[in-house]
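*Asks:* Quick one: the structure is below, questions incoming.
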Amino acid sequence: MNNNNQSSEDVKVVDVVCGMEVDPSKARGVEKYEGKTYCFCSDSCRESFIEDPKRYVR
Ligand SMILES: [Zn+2]
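One point on numbering: in numbering that gives the first Met the number 0, the residue at position 57 of the sequence shown is 56, and numbering is uninterrupted.
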């Protein structure tokens with residue numbers, strides 16, 4: 000068998016504000032919006048998202 004899934008530690012999510020890949024375990028900010036969780040690289044990205052989520056989420 001050669002079907003190893005990557006460990007969850009390798010999962011990256013995209014910071015929708017700046018487009019950077021963020022490791023969820025190291026994210027500076029996490030917000031839930033419409034049932035989805037978003038991770039951010041910095042407090043300022045998180046604040047931008049909170050101010051106007053619709054601008055970043057479609
Ligand atoms: Zn960011």
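Where is the CB? At the ideal position from N, CA and C, for every residue including glycine.
These figures come from a predicted structure and were not determined experimentally.
1. Which residues mark the beginning and the end of the beta strand (DSSP E) in which Glu-30 is found?
2. On the CB-based measure, 16 or more other CB atoms within 10 Å of its CB, does Asp-14 come out buried or exposed?
3. So for Lys-35, helix, strand or coil by DSSP?
4. Using a threshold of 8 Å, state whether the C-beta atoms of Val-21 and Val-10 are closer than that.
5. Please confirm whether any heavy atom of ligand 1 lies closer than 7 Å to the CB of Cys-17.
*Replies:* Straight from the coordinates:
1. Along the sequence shown, one-based indexing puts residue 30 at 31. Run containing Glu-30: 28-32, per the beta strand (DSSP E) assignment.
2. Walking along the sequence shown from the start, residue 14 turns up at place 15. Looking at its Cβ environment, which holds 16 or more other Cβ atoms inside 10 Å, Asp-14 is buried.
3. Walking along the sequence shown from the start, residue 35 turns up at place 36. Strand at Lys-35.
4. Counting from 1 along the sequence shown, the entry for residue 21 is found at position 22. Counting from 1 along the sequence shown, the entry for residue 10 is found at position 11. No.
5. Taking the sequence shown and counting its residues from 1, one reaches residue 17 at position 18. The answer is yes for Cys-17.
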